[in-house]
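Q:
Protein chains: 2
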Amino acid sequence: MELDERKREILYAIIENYQETGEPVGSRTISKLEKLKFSPATIRNEMADLEEMGLIVQPHTSAGRIPTDKGYRLYVDKMLAEQAKEPEKARDLPALPMQDLLSRRIDRVEEMLMKMAQILAANTNYTTMVTGPHSRKSKLKFLQLSPMDKGRILAVVVLSGDIVKNNILNLDEEIENSELMELNFILNKRLTGLSLEEINLSVIADLKNEAGTHMEVVSKVLDAVAETFSKEDSYPVYTSGAPNIFRYPELTGGDRASELISTLEEKKELGSAIGSLTSENGSKQDIQVYIGDEVPVDSMKDCSVVTATYSLGDGVQGKIGIIGPKRMNYQKVVETLKETMSHLDGIFLKTEE
Amino acid sequence: MELDERKREILYAIIENYQETGEPVGSRTISKLEKLKFSPATIRNEMADLEEMGLIVQPHTSAGRIPTDKGYRLYVDKMLAEQAKEPEKARDLPALPMQDLLSRRIDRVEEMLMKMAQILAANTNYTTMVTGPHSRKSKLKFLQLSPMDKGRILAVVVLSGDIVKNNILNLDEEIENSELMELNFILNKRLTGLSLEEINLSVIADLKNEAGTHMEVVSKVLDAVAETFSKEDSYPVYTSGAPNIFRYPELTGGDRASELISTLEEKKELGSAIGSLTSENGSKQDIQVYIGDEVPVDSMKDCSVVTATYSLGDGVQGKIGIIGPKRMNYQKVVETLKETMSHLDGIFLKTEE
DNA sequence: TGTTAGCACTCTAACCGAATGAGTGCTAAC
DNA sequence: GTTAGCACTCATTCGGTTAGAGTGCTAACA
Chain Z
0 MELDERKREI LYAIIENYQE TGEPVGSRTI SKLEKLKFSP ATIRNEMADL
50 EEMGLIVQPH TSAGRIPTDK GYRLYVDKML AEQAKEPEKA RDLPALPMQD
100 LLSRRIDRVE EMLMKMAQIL AANTNYTTMV TGPHSRKSKL KFLQLSPMDK
150 GRILAVVVLS GDIVKNNILN LDEEIENSEL MELNFILNKR LTGLSLEEIN
200 LSVIADLKNE AGTHMEVVSK VLDAVAETFS KEDSYPVYTS GAPNIFRYPE
250 LTGGDRASEL ISTLEEKKEL GSAIGSLTSE NGSKQDIQVY IGDEVPVDSM
300 KDCSVVTATY SLGDGVQGKI GIIGPKRMNY QKVVETLKET MSHLDGIFLK
350 TEE
Chain P
0 MELDERKREI LYAIIENYQE TGEPVGSRTI SKLEKLKFSP ATIRNEMADL
50 EEMGLIVQPH TSAGRIPTDK GYRLYVDKML AEQAKEPEKA RDLPALPMQD
100 LLSRRIDRVE EMLMKMAQIL AANTNYTTMV TGPHSRKSKL KFLQLSPMDK
150 GRILAVVVLS GDIVKNNILN LDEEIENSEL MELNFILNKR LTGLSLEEIN
200 LSVIADLKNE AGTHMEVVSK VLDAVAETFS KEDSYPVYTS GAPNIFRYPE
250 LTGGDRASEL ISTLEEKKEL GSAIGSLTSE NGSKQDIQVY IGDEVPVDSM
300 KDCSVVTATY SLGDGVQGKI GIIGPKRMNY QKVVETLKET MSHLDGIFLK
350 TEE
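Set out below in structure tokens:
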């Protein structure tokens with residue numbers, strides 16, 4: 000069966016109508032469109048063909064049609080291809096209120112990402128999800144030991160990509176301030192610039208040798224460093240706009256709402272599932288669309304997810320995902336994400352200067 | 000109308016039955032109880048009285064009765080009073096899996112609080128909520144400036160109660176390492192031990208005087224300190240177990256679920272509402288129960304909230320709240336919270352040593 | 001050969017009325 | 001003071017009917 004131009008028009012018309020209403024769309028509705036002034040009977044014939052091709056289905060015998068995953072896929076691929084062709088269409092989307100983010104001093108990247116998730120959620124009416132910055136090859140930038148109270152020190156660990164973690168260490172022994180300074184110096188000299196793999200036994204042995212009596216401190220600091228690295232490995236995830244799923248009845252029927260909200264709350268599973276999605280094609284914009292069953296999270300098989308990868312330079316990167324019903328407005332979501340990514344690039348480039 | 004012993008027994012029986020089933024309870028059900036072996040007719044007479052007293056209502060004419068807020072209030076007050084009398088009843092609650100928390104090195108208080116919220120939620124099947132540690136009179140413990148890259152420094156601000164915040168500062172000028180160290184020293188000398196109010200213009204003037212050329216750095220650091228203090232003022236809030244509300248149909252009918260989830264996601268409002276709840280009576284355990292309309296959050300008027308205050312010493316404290324339907328198991332919740340608080344005290348005392 | 005009108009058919013959603021049953025309030029007897 | 005009995009109320013359930021949306025098919029039309 001051939002998918003000629005008219006069939007494609009009808010398919011798109013069905014998809015777009017269904018996006019707006021959420022109701023199965025019938026032949027009469029389509030035949031009223033400017034573009035497709037045929038009688039309902041003609042449309043019906045075409046629809047029967049589209050159904051045979053697996054692009055649309057009827058929920059029950061006497062209902063209108065709704066798109067299948069395959070139908071959406073066709074639609075999305077076409078749209079992405081067209082967007083790639085006309086690179087800057089300068090569509091008049093309502094500008095995202097990103098100025099706030101830009102003007103504010105960004106002291107912590109993660110805070111900004113959370114804020115961004117909120118803005119995206121409010122703007123799209125879908126749920127958003129951001130994985131924290133992450134790098135398989137992140138390196139230790141430096142660390143800083145400071146005395147706190149008797150027997151307690153603060154160890155600040157800074158990884159490449161401005162990932163900063165605090166650790167309060169309880170020591171059994173006490174340590175002089177000057178000794179701590181020296182330890183600080185030694186540790187930085189030995190460890191700065193190394194990745195987790197590079198901090199091996201020989202480095203550690205050297206360190207303990209040099210540290211002399213304060214081996215306990217060294218090993219606790221090393222533990223803290225290791226934990227910081229490994230925490231980096233388990234993608235932290237922020238979500239926003241979870242309640243937006245209630246806008247879409249097809250996502251909230253039965254226990255679905257509960258399951259979805261649970262998944263969003265158990266961010267860990269979510270993070271590793273989404274985080275592990277590799278961008279298959281090395282497109283520069285790096286936007287991926289997962290429709291229905293393509294989503295690698297069970298409770299989201301009725302959803303679509305659009306992801307984009309942001310990069311902080313130095314190999315540190317993370318993902319932004321937008322989760323909505325399969326009938327989400329892919330066009331708007333993809334464009335909003337693209338805009339967001341260029342904003343982000345602007346911010347990070349500015350920071351990098 | 001007098002509330003005699005038998006009426007009270009019946010009220011409690013209604014409450015406890017309704018807790019289990021969530022269905023209005025009728026006279027037959029009550030009359031089958033060991034304790035209340037009267038005919039349904041007798042029970043009905045008593046129920047009519049209880050209804051007249053405003054302690055129970057029927058949802059519709061031919062239905063059983065459910066407790067009113069006033070009824071719950073009576074029940075809860077009695078229970079709390081009895082618990083106060085017999086201080087350590089050593090009820091055989093399934094021990095909370097707090098050992099994990101105890102044995103793990105706690106490097107960040109907030110992480111532990113989040114974990115605790117999760118455990119509580121899983122254990123009670125209600126939603127939990129924790130406000131981060133907070134103090135109106137917290138003081139600057141110390142701060143630590145470290146060089147990062149050209150023109151960027153890391154300022155770690157530590158407040159009393161081990162509240163640690165990182166700030167990455169972008170400088171217009173560059174600064175030598177040794178100069179930074181000196182600034183670090185000066186800032187600490189002048190600021191350590193001061194509260195937000197105590198860092199006034201005269202202190203700042205002195206500082207800028209002493210700092211000489213590096214006024215920009217000083218003022219940016221001061222900004223960071225101010226922000227850390229003020230962030231402290233806007234209670235951070237963690238929630239867990241939000242999906243548990245789906246277990247209780249009376250909370251999920253209509254748009255209620257959506258509203259509740261939204262409230263939980265917008266943690267700020269929640270935080271200030273809950274955080275501002277003062278403990279009216281200075282009871283040592285400091286457990287408060289808010290029933291229905293007593294809850295100061297609009298979307299939670301169908302819920303009850305039980306809160307407890309934890310304290311990290313030094314005036315730093317926060318609140319733990321358990322949110323559930325009005326028919327929640329107050330007994331279990333209060334006991335679980337008490338147990339949790341004593342665990343917490345154990346942990347913090349240990350840390351304080 | 002593509003398009004359209006007409007028609008029988010299907011299925012859902014909404015509505016209706018009767019039956020069911022849980023539970024009540026009241027009265028009168030114990 | 002307690003209880004048995006009874007009439008009554010009301011939510012829920014179920015079957016049956018209807019209305020409406022939409023389809024598929026056939027036959028006529030251009």
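Here the protein sequences line up with chains Z and P, keeping their order.
The letter at position 62 of the first sequence is residue 61 when you use numbering that gives the first Met the number 0, and the numbering goes up by one with no holes.
The letter at position 339 of the second sequence is residue 338 when you use numbering that gives the first Met the number 0, and the numbering goes up by one with no holes.
Backbone N, C-alpha and C define an ideal beta-carbon position, used for all residues, glycine too.
This structure is a prediction, so every number in the text was calculated from the model and none was measured.
(1) Just to confirm, are L142 (chain P) and V156 (chain P) a CB contact at a threshold of 8 Å?
(2) Decide if M214 (chain Z) is buried, meaning its Cβ has at least 16 other Cβ atoms within 10 Å, or exposed.
(3) State the DSSP-derived secondary structure class of P185 (chain P), mapped to helix, strand or coil.
(4) Going by other Cβ atoms of all chains shown within 10 Å of its Cβ, with 16 needed for buried, is T123 (chain Z) buried or exposed?
(5) Which residues in chain Z sit within 8 Å of L153 (chain P), going by Cβ to Cβ distance?
(6) Quick one: what does DSSP say H133 (chain Z) is sitting in, helix, strand or coil?
(7) Whole angstroms are fine: how far does the CA of M340 (chain P) sit from the CA of R43 (chain P)?
(8) How would you call L2 (chain Z), buried or exposed, if buried means at least 16 neighbouring beta carbons within 10 angstroms?
(9) Counting only C-beta atoms, is M128 (chain Z) closer than 8 Å to chain P at any point?
(10) If the criterion is Cβ atoms closer than 8 Å, does the pair M46 (chain P) and M0 (chain P) meet it?
(11) Just the chain P side, please: which residues come within less than 9 Å of E264 (chain Z) by C-beta, in chain order?
(12) From P:E258, P:F245, P:E249, pick the residue whose C-alpha is nearest to that of G252 (chain Z); which is it?
(13) Assuming the contact rule is C-beta atoms closer than 8 Å, V216 (chain P) and L170 (chain P) should be a hit. Round their C-beta distance to whole Å, please.
(14) Applying the 10 Å Cβ sphere with the 16-neighbour rule, what's the burial state of I335 (chain Z)?
(15) Within a Cβ cutoff of 8 Å, which residues of the same chain sit near K149 (chain Z), ignoring the five residues on either side of it in sequence?
(16) Rounded to the nearest angstrom, how far is the Cβ of T67 (chain Z) from that of V75 (chain Z), given a contact under 8 Å?
(17) Quick one, are the C-beta atoms of P235 (chain P) and G270 (chain P) less than 8 Å apart?
(18) Go ahead and pull the three-state DSSP assignment for F37 (chain Z).
(19) Kindly list, in the order they appear in chain P, the residues whose Cβ is closer than 8 Å to that of I260 (chain Z).
(20) For E256 (chain P), go through chain Z and note every residue whose CB falls closer than 8 Å to its CB, in chain order.
(21) Roughly how many whole angstroms lie between the Cα atoms of L112 (chain P) and A272 (chain P)?
(22) Could you give the residue range of the alpha helix (DSSP H) that holds K84 (chain Z)?
(23) Is the Cβ of I286 (chain Z) closer than 8 Å to any Cβ of chain P?
(24) Would you list, in chain order, the members of the stretch 286 to 316 of chain Z that have their beta-carbon closer than 7 Å to a beta-carbon of chain P?
(25) Quick one: what's got a C-beta closer than 6 Å to L168 (chain P)'s C-beta in the same chain, skipping five residues either side?
(26) Roughly how many angstroms separate the alpha carbons of L182 (chain P) and A210 (chain P), rounded to a whole number?
(27) Compute the Euclidean distance between the alpha carbons of V288 (chain Z) and N328 (chain P), then round it to the nearest angstrom.
(28) Check the Cβ-Cβ distances between M147 (chain Z) and every residue of chain P, and say whether any is below 8 Å.
(29) Would you say I174 (chain P) faces chain Z, with C-beta separation under 8 Å as the test?
(30) Looking at the unbroken alpha helix (DSSP H) that takes in P146 (chain Z), where does it start and where does it end?
(31) Mind checking who V324 (chain P) pairs with in its DSSP beta bridge?
(32) Can you look up V156 (chain Z) in the DSSP assignment and give me helix, strand or coil?
(33) Under 7 Å from any heavy atom of the ligand NAD, does the C-beta of V305 (chain Z) make it?
(34) Extract the residue ranges of the beta strand (DSSP E) inside the stretch 229 to 271 of chain P, only unbroken runs of 3 or more that lie entirely within it.
(35) Keeping to the same chain, check which residues put their C-beta closer than 6 Å to that of S201 (chain P); ignore five residues upstream and five downstream.
A: Here's the rundown:
(1) yes
(2) The C-beta of M214 (chain Z) has fewer than 16 other C-beta atoms within 10 Å across all chains shown, which makes the residue exposed.
(3) Here residue 185 (chain P) is Ile; the residue named in the question, Pro, does not match the sequence. Residue state, collapsed to three classes: helix.
(4) buried
(5) Q143, V155, V157, V163
(6) strand
(7) 42 Å
(8) exposed
(9) no
(10) no
(11) T238, S239, G240, A241, P242
(12) P:F245
(13) 6 Å
(14) Looking at the sequence itself, residue 335 (chain Z) is Thr, so the reference to Ile does not match. Answer is buried; the Cβ neighbour count reaches 16.
(15) E173
(16) Between V75 (chain Z) and T67 (chain Z) the Cβ distance is about 13 Å, and since that is not below 8 Å, they are no contact.
(17) yes
(18) F37 (chain Z) falls in the coil class under three-state DSSP.
(19) A241, P242, F245, I260
(20) The identity of residue 256 (chain P) in the sequence shown is Ala, whereas the question assumes Glu. What A256 (chain P) touches in chain Z: F245, A256.
(21) 19 Å
(22) 68 to 84
(23) no
(24) none
(25) I152, A154, K219
(26) 7 Å
(27) 45 Å
(28) By this cut-off, M147 (chain Z) is an interface position.
(29) Not closer than 8 Å to any Cβ of chain Z, the Cβ of I174 (chain P) fails to qualify, so no.
(30) No alpha helix (DSSP H) holds P146 (chain Z); the beta strand (DSSP E) holding it covers 139 to 148.
(31) Note that residue 324 (chain P) is Pro in the sequence shown here, rather than Val. Answer is P:C302.
(32) Three-state DSSP puts V156 (chain Z) in a strand.
(33) Only the bare structure without any ligand can be found here, which leaves the ligand NAD out of the picture.
(34) 236 to 239
(35) none
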